[in-house]
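Here the sequence shown stands for residues -22 to -1, 1 to 672, where the numbers follow mature numbering (1 follows the signal peptide of the UniProt record, and there is no 0).
Please read the structure below before turning to the comments.
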Amino acid sequence: MNAATLRLLVVPALLCAGLAFAQAPQTASTHALAAQAQALRAQINPSTDTITEDRADFLRRQLLASLERRQDMVRAIADVERLSGQPGRVTPPESLLALDDLRREIQRLDAEIASGARRTELLEQERTSMAAQLTEKVAAERTLLDAGADPDAIAMAKLETGLTESATAEVDMMLRLLGVQQTFAQAQRDAIASALTSAGRRPLTVSSRDAAAVDVRLRARGDELRRRMAAATRERERARGELAQKGATVNALQLETLKERIANADIDIELTREALTNLATEQLAWQMAVRIYRDHDEGAIVEARRNGPMLVERLERRREFLASMSDQILARSGALSTEIAQAPNAPDAADKRALRDVFDQRLQMAQHARFDESRLIDLVARMREDFDARANAYGWRERVSLAWAFVRDAVSRAWNFELFTVNQTVEVDGRKTEVPRGVTVGKVVQAPLLLVIGLFLAAKLTSWWERWLHRRRGLDEGRARLMRRWALALLMAACVLASLAIAGIPLAAFAFIGGAVAIGIGFGMQTLFKNLISGVLVLVERPFRLGDVIEVGSLRGMVVDIDLRTSVVRDADGADTLIPNSVLMEENVKNVTYRTRMQRQSLSVVLDGDSEPRAVVETMRAAAQRHGQLVDDPEPTVLLEDFADNGLRFTLNYWVELVPGMDRRRVASDLRMMLLGAFADAGIKMAPPPPIVR
């Protein structure tokens, strides 16, 4: 019998001596396992790097590793049981940071317990499979023994059976270790939960020292991230320099490595920027915690309940993206590792290793970013849980205050609800950029309110200004009214623009309305806008003013009002006629008082042919001069106009100033009565009626 056969027979004998330990791992001792491992180690040939190792030696090495693992687990079980026998006391937290540390520890223990439960389930399934394999190995060994097989085959079968049995015992011991660890972790969690419960019964005071400690911790992390971004920027510059310097001389793999290094730097900068954003979010979360614990601000709880789910959803999406990115990087790195393993001595093996190192570095960046996202998600979850627990412990006064905070938040969200957005073009550094601006319910309500208030104040102001112009400045009522209307129109336009600006509604929001107005102008509003433009021209060019006497066609009267669309002319009968401004601009308009308001009037009389003409002239001139409404310069004149059939025709020419309140017909009537009286006093007779020819 050779040495190999002797070892095949001796080793199973040693294993059989240890089967009792494998079947009852709870009573196994470290010394027994060490003795078995020592005896087995003496039977193993020295290891080599070749792949042609003897199968018996391979099984012995596997069995030795299993025995050593069982020794380690025995010691681990003893250590955990010793720690479990000395439970530590957890002090209730006194500060905000201590409270968060305990809640973070509970999160870690919960994750550990959940992971242990999943691993226990997997190990139980593996234990069942191992038991089935052990049964098969034992049956195969008995078959060989009954058949009187070769001793080497029997020894090999016993060695395989021993390895399977030791592996089964190893699984059993792992289950026991997991059970002890789960019990210990649960005890730790219960102790921390008890401390947190004790802390919840008393108010947690947050001092300025706690807030400063939080700021110091966040500031240190911010400085570290900024240093990391600076380092990534420098690395990118170096990689770009190498690419520009060596890009034309290196091979394809080296060129790809340089490009991937630049991509690594870009990814590092992007991930660092995202980490800085997360740091700002974390700072806001801590500020919210300070508001709740120190300032007793129930609005912070409302904000946490409203913004927490959206923040967690964003972080979860980011974490999923990083997980997908890690899988892609791992796939590329794994493909390179496979190529290197298949041809380790290939000429491009070194270049492939360098490229794989770049991908491994990128994978480490992605894993670090995933950890940062998970850490922030856990922080938000801890704070939300703590805030909810604090809200549930409120008394009725605090609950009323919290309910009122929810009502205010609901009203605020309804007020700030975005109806639609418009793009507003702004110029930044000489470049036009479209910036989206939202139109909210509050802006839609605020703009009309501001407009109504502005119009009310504008109406009051212009009304006072009209009275001041009329009473203090002596301006006529019509002109003051016209100035008030124009001032009111300008103020109304200013109020519309100001209300939109104060409410934050961009003019681009009315772009679609502008298109509709343009269509209306083109089809149904031509006449209206024609009159409006004519009104503007009338007011700018001023072909006539208030109080002017004009003639338009057969209409003669005084202008009493000028508006944007129409002008009002009052005729001798006192009737007001509205004339469209477009008519006044297109037709011939005679302005009787354009240059001056003085107008010559004529009055004719026929006197008896025997009358002295010079006496008549003096009598008529004297009567006209006594009338107080005639203009002195030029003075009235009397002319012998004609020799009529029944006498002499004299004409009195006089001038009157056409001012508001002046009635030309009344003046003429007064002059006729004054002339009749003067003729009677002077003995001047009126001409008889002309003869009637039959």
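Beta carbons: idealized from backbone N, C-alpha and C, even for Gly.
Excluding five sequence positions before and after LEU617, the CB atoms of its chain that fall closer than 6 Å to its own CB belong to THR629, given in chain order.
Taking each of ARG296, THR235 and ALA369 in turn and checking the Cα distance to ASP275, the smallest one comes out for ALA369.
With respect to the 8 Å criterion, LEU18 and LEU41 are classified as neighbours on the basis of their beta carbons. Secondary-structure assignment with DSSP links TRP633 through a beta bridge to ARG578. For ASP620, there is no enclosing alpha helix (DSSP H); the residue is part of the beta strand (DSSP E) that begins and ends at 615 to 621. Shown here, LYS663 sits in coil according to DSSP, grouped into three states, outside any helix or strand.
When beta bridges are read from the DSSP output, GLY535 appears opposite ILE528 and ASP549. In this structure the stretch 72 to 80 does not touch the stretch 158 to 169; the number of beta carbon pairs closer than 8 Å is below three. TRP382 counts as exposed, since fewer than 16 other C-beta atoms from the protein chains shown sit within 10 angstroms of its C-beta.
By the neighbour-count criterion, in which a residue is buried when 16 or more other Cβ atoms sit within 10 angstroms of its Cβ, ASP32 is exposed.
Counting only unbroken stretches of 4 or more residues, the alpha helix (DSSP H) elements lying wholly within the stretch 324 to 408 are 327 to 370 and 374 to 393, in sequence order.
Counting along the chain, the unbroken beta strand (DSSP E) around ASP554 starts and ends at 554 to 558. Taking the Cα positions, LEU453 is about 12 Å away from GLY525. Check the Cα spacing between THR597 and each of ARG543, LEU653 and VAL158: the tightest is with LEU653. In this structure, LEU341 sits away from GLU234, with a CB-CB distance that is not shorter than 8 Å. Counting along the chain, the unbroken alpha helix (DSSP H) around ASN285 starts and ends at 276 to 320. The criterion of a C-beta distance shorter than 8 Å is not satisfied by VAL561 and LEU626. When secondary structure is reduced to three states using DSSP, ILE55 falls in the helix class.
DSSP places ILE540 within a strand segment (E or B) once states are collapsed to three. Annotation: the stretch 104 to 165 contains no complete segment of the alpha helix (DSSP H) (minimum length 4 residues). Partner residues in the beta bridge of LEU608, as assigned by DSSP, are VAL634. By the criterion of a C-beta distance shorter than 8 Å, VAL358 is surrounded in its chain by ALA263, GLY286, LEU289, VAL290 and LEU293, once the five residues flanking it on both sides are discounted. Residues PRO71 of the same chain have their beta carbon placed closer than 8 Å to that of ASP79, with the five preceding and five following residues left out of the count. Taking ASP539 as the centre and dropping the five residues before and after it, the same chain places the C-beta of VAL546 closer than 6 Å to its C-beta, in chain order. Rounded to the nearest angstrom, the Cβ distance from LEU203 to LEU257 is 7 Å, consistent with a contact under 8 Å. Looking at the backbone, the Cα of SER441 and that of HIS448 are separated by about 11 Å. A distance of 8 Å or more separates the beta carbons of GLN85 and ASP335. Bounds of the alpha helix (DSSP H) holding VAL423 are 419 to 449.
Rounded to the nearest angstrom, the gap between the Cα atoms of ALA127 and GLY140 is 19 Å. Taking a contact to require three or more Cβ pairs closer than 8 Å, the stretch 590 to 604 and the stretch 551 to 559 do not qualify as touching. Secondary structure at ARG523: coil, using DSSP grouped into helix, strand and coil. In this structure, LEU466 places its C-beta atom within 8 Å of the C-beta atom of ALA437. The alpha carbon of ASN509 has as its nearest neighbour, out of GLY655, LEU542 and MET536, the alpha carbon of LEU542. The closest CA to that of ALA173, considering only ARG67, GLU248, LYS136 and SER62, is found on ARG67. With respect to ASP586, ALA665 sits close: the two C-beta atoms are nearer than 8 Å. VAL567: member of the beta strand (DSSP E) spanning 567 to 569, first to last residue.
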